[in-house]
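Taking the numbering used here, I'd label the letters of the sequence shown as residues -7 to 142.
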Amino acid sequence: MRWNAESLNYYAEAKEYVDTALIPLVPFNFQEKTQSAAEQGEYVQLLSEGIENQFAGRIMLTPPYTYLQTDSLKSQCEALKQWDDHLLEAGFAHRFYITGDPAWRSLSPAEEAEVIWMPPISLSSMEMKQVKSVISQQIDQIVPLITGRW
């Protein structure tokens, strides 16, 4: 399920089965490495959408948490803790944060939440068929991480 009106209608009926939230962590930066931040955001969003498709009816894909790359990740982690608390209170027993930013590997907004880091891949020079193949391969690596927590 995705964060949109149609999915939320279904969510209201199936809330007891949707126990997992997937939160994309997307960097934002207009000062340096702008292209890299944008590509990383696209990549994480494609991965997130693919994972949500794999687990439709079990996972809620939230809006991306967008953070300034110039801010300290420790302060971002503290802000994300509010998201995590909110999701936990809403009934999401499992929370996965997905990112391409290696700085997040050693951080987690909550003890029970998990950060999934995937090395970012530049998709801009690939044809759509290649992009789909790469994303599919990456999703195949992520699926066991999620199912292992259930």
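No residue lacks a Cβ here, since even glycine has one placed at the ideal position from N, Cα and C.
Quick caveat: nothing in here was measured; it's all calculated off a predicted structure.
Practice task
Find the nearest neighbour of I51 within the set E34, H86, T26, judged by alpha-carbon distance.
Solution key: Numbered from 1 along the sequence shown, position 59 holds the residue referred to as residue 51. Per the Cα distances, H86.
Problem - A13 - containing beta strand (DSSP E), residue span - result: As a first step, residue 13 is located in the sequence shown; it is residue number 21 there, counting from the start. Per DSSP, A13 belongs to the beta strand (DSSP E) from 12 to 20.
Exercise for the section: State yes or no: is the C-beta of V36 within less than 8 Å of the C-beta of L17? Expected result: One-based indexing of the sequence shown puts residue 36 at position 44. One-based indexing of the sequence shown puts residue 17 at position 25. Yes, Cβ-Cβ distance for V36 and L17 is below 8 Å.
Practice task
Starting from R141, follow the alpha helix (DSSP H) in both directions and report where the run begins and ends.
Solution key: Numbered from its first residue, the sequence shown carries residue 141 at position 149. Element bounds for R141: 120 to 141.
Exercise for the section: Report the rounded CA-to-CA distance for M110 versus L99, giving the unit in angstroms. Expected result: As a working mapping, residue 110 is identified with position 118 in the sequence shown. As a working mapping, residue 99 is identified with position 107 in the sequence shown. Taking the straight line from one Cα to the other gives about 14 Å.
Practice task
Please list, in chain order, all residues of the same chain as V135 whose beta carbon is under 7 Å from its beta carbon, the five residues on each side excluded.
Solution key: As a working mapping, residue 135 is identified with position 143 in the sequence shown. Counting only Cβ-Cβ distances below 7 Å, and skipping sequence neighbours, we find Q46.
Problem - Nearest-angstrom beta carbon gap, Y89 and I15 [assumed within contact, 8 Å] - result: As a working note, residue 15 is residue 23 in the sequence shown. As a working note, residue 89 is residue 97 in the sequence shown. About 5 Å separates the two Cβ atoms, so the contact holds.
Handout entry: Per-residue DSSP class, three states only, for E24
Key = For the purposes of this step, residue 24 is identified with residue 32 of the sequence shown, where counting begins at 1. E24: coil per DSSP, three-state reduction.
Practice task
Taking W75 as part of the beta strand (DSSP E), name the residues at either end of that continuous run.
Solution key: As a position in the sequence shown, residue 75 is number 83, starting the count at 1. Where W75 is concerned, there is no enclosing beta strand (DSSP E), although the alpha helix (DSSP H) it sits in stretches over 65 to 81.
Exercise for the section: Would you check if there are 3 or more beta carbon pairs closer than 8 Å linking the region 112 to 125 to the region 17 to 26? Expected result: Verdict: no, contact absent.
Handout entry: Proximity of L79 and A13 at Cβ, strictly below 8 Å
Key = As a first step, residue 79 must be located in the sequence shown, where it is residue number 87. As a first step, residue 13 must be located in the sequence shown, where it is residue number 21. Closer than 8 Å, so yes.
Handout entry: Backbone secondary structure at L99 - three-state DSSP
Key = By one-based count along the sequence shown, residue 99 stands at place 107. Correct three-state label for L99: coil.
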